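What follows is a single structure, written as structure tokens, with notes after it.
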Ligand code: M6R
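In the numbering used here, the protein residues as written are 10 to 618.
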């Protein structure tokens, strides 16, 4: 949802800004630009298209300077175009702004500024910010930014470069993420840590409503009343390699292959012989017993991980769980009170709807637990308790290892709740605990199926629609698998509860319609799903099954193709199965020539409603 960067120091800024933008391209990629102070004036280059377009133009006519700002855009107000690209400048280019977020009251401010004689060159909400700062400027740039931002409603992370005090970048964070990287004779600003990893691991994770005046040798943090804020720098543990492709063709493929390690990291120190240890989620038996309802709220893939959580928690602990899509939850007047445990799941920790839902639940006195991948993210800072998914940075827009680690957190929570409910010694819980210890091995085995999956991917080459079906946890998997396929291969895939096909959608089946049937749940559900597969086959569908190894014979009797996971506890089939689905989506997208890491119309972090 737009990436912003800033640099001030002794080195040439353009290369550093460009490099940072490339690391943030996952946040938006419909246009990009940089602005650099050359000692006299601010020069701007900004173009519609990928960062590569900007880079090519800079090769032909380079910019020079040791202070600058950059932006990669995901359009909200105004279509992608050179004019709507950031940075935006005031009339004489003495002030320049890059912005991530949305200014909700920009129309009224724009009208006011137009009446004062300001001219606008773009359709963006951002352009009002730069003219407003110009209007507020009375000789001190920081004061002008402070005054201007007091007028803004909405979400914004800003970096301001100016010619009056060119030795300073002013940064502001309100409801959109921003970090400051600390260097020697240089400092950096970025929307996210990967942009800084090459230069520093010491960062300030800015809290909401924080202002920063950044020079090459200092960073001063204040609130909106100029009261100083003292903050300890945070040491980032991610390595540069974590934010690079490391020899893989795409980030998505790299992240798919990182899952066994991500699973181990997320379980390490938490799944112990003496029980579950969740450092930042200390729930007593008394508190657990008071919980009448658990809500799991999230968006997209994180929501589907939440659906797995509901299935697990209800099955093993009998505690009632509701799942909700955050954009619905926040306006549904949900029934939440002090006896509710609200669980927000978010890879980025910045998703606007998830954050708003979480705030709503807090206001209604619920205890709020965040499951997130990003230390210091808004969700992490505002929750009462946190469980970090230790997936490492996820760069590809299509979420993979974040999902797996979110599901791992669901296993951990289930085991913790079972323990608090006094069920720790039951056979079911012991089996689930053992199964969790082997999940990384099952994940490795699933990765070995890449060649089979590449072949099956060919079946989708000319497909325009398909169905993913399953029952119970397999339906959760079907939902996630179909989202993955949709977002990167642009095939219209519907996820359906296998038993529900015959209540309508079966009318869509024709000779050759592809169905991916998840049948990893052995026992009663397995037989039922096989019946549904037969119904679909009788109407011409081509069925690809995903099942446990030992069910090979039965599966092959009724399906056209099959891929198998290791035999495992039913509840533990999620991670190996989702890896197969992720690889299927990946290879289908590659074979259809789609841009896997940057699917059309999407951005990784959705910080607007
Ligand atoms: O950062 P979050 O986990 O809150 O993001 C939620 C969704 O936007 C995200 O999972 C999205 O659905 C992914 N593109 C799915 O691959």
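Virtual Cβ for every residue (Gly too), placed ideally from N, Cα, C. Note that this is a predicted model, so its numbers are computed, not measured.
In the structure shown, the three-state DSSP call for residue 280 is strand.
The Cβ atoms of residue 401 and residue 271 lie closer than 9 Å to each other. Cβ-Cβ separation between residue 80 and residue 12: approximately 7 Å, consistent with a contact (criterion under 8 Å). In this structure the segment 579–590 does not lie against the segment 250–261, because fewer than three pairs of beta carbons, one per stretch, are closer than 8 Å.
The beta carbon of residue 231 is closer than 7 Å to those of 220, 237 and 238 in its chain, skipping five residues each way along the sequence.
The beta carbon of residue 361 sits closer than 6 Å to the beta carbons of 616, 617 and 618 from its chain, once the five residues preceding and following it are set aside; these are given in chain order. For residue 496, the enclosing alpha helix (DSSP H) has its first and last residue at 482–498.
Rounded to whole angstroms, the separation of the alpha carbons of residue 22 and residue 145 is 28 Å. When C-beta atoms of the segment 490–500 are compared with those of the segment 402–421, three or more pairs fall below 8 Å, so the two segments count as touching. When rounded, the separation of the alpha-carbon atoms in residue 497 and residue 38 is 15 Å. Cβ-Cβ distances below 6 Å link residue 351 to 304, 370, 375 and 377 in the same chain, with the five nearest sequence neighbours on each side left out; the list follows chain order.
Set against 8 Å, the gap from the CB of residue 613 to the closest heavy atom of the ligand M6R is smaller. Around the beta carbon of residue 434, fewer than 16 other beta carbons sit within 10 angstroms, so the residue counts as exposed. Counting other Cβ atoms within 10 Å of its Cβ, residue 249 stays below 16 and is therefore classed as exposed.
Around residue 70, the same chain offers 54 as residues with beta carbons nearer than 8 Å, after the five sequence neighbours per side are excluded. Distance from the C-beta of residue 379 to the nearest heavy atom of the ligand M6R is not below 8 Å. Residue ranges of uninterrupted beta strand (DSSP E) with 3 or more members, entirely inside the segment 161–229 and ordered along the chain, are 163–171, 178–183, 188–191, 196–199, 211–214 and 219–223. Residues 325, 326, 433 and 438 of the same chain have their beta carbon placed closer than 7 Å to that of residue 427, with the five preceding and five following residues left out of the count. Boundaries cannot be given for residue 601, as no beta strand (DSSP E) includes it and DSSP labels it neither H nor E. For residue 552, same chain residues with a beta-carbon under 7 Å away, outside a window of 5 residues either side, are 524, 526, 542, 545, 546, 568 and 569 in chain order. With respect to residue 600, residue 576 sits apart: the two C-beta atoms are not nearer than 9 Å. Beta-bridge pairing by DSSP links residue 109 to 166.
Taken from the Cβ of residue 316, every heavy atom of the ligand M6R lies 8 Å or farther away. Among the bridge pairs identified by DSSP, residue 524 is matched with 476 and 552.
Residue 29 sits in a helix when the DSSP states are folded into three classes. Here residue 517 is exposed, its C-beta having fewer than 16 other C-beta atoms within 10 Å.
If you compare the alpha carbons of 133, 533 and 349 with that of residue 481, the shortest gap goes to 533. In this structure, the ligand M6R has a non-hydrogen atom nearer than 8 Å to the beta-carbon of residue 356. Under the three-state reduction of DSSP output, residue 151 falls in the helix class. Sequence-distant Cβ neighbours of residue 78 in its own chain, meaning closer than 6 Å and more than five residues away, are 15, 44, 96, 107, 168 and 170. Relative to the non-hydrogen atoms of the ligand M6R, the Cβ of residue 493 comes within a distance shorter than 8 Å of at least one.
Relative to the non-hydrogen atoms of the ligand M6R, the Cβ of residue 406 comes within a distance shorter than 8 Å of at least one. Rounded to whole angstroms, residue 356 and residue 300 show a C-alpha spacing of 25 Å. Inter-residue distance for residue 403 and residue 489 is about 17 Å (C-alpha atoms, whole angstroms). Take residue 174, set aside five residues on each side of it, and the residues of its chain with a beta-carbon closer than 7 Å to its own are 150, in chain order. Cβ contact annotation for residue 159 (same chain, cutoff 8 Å, sequence separation greater than five): 233, in chain order.
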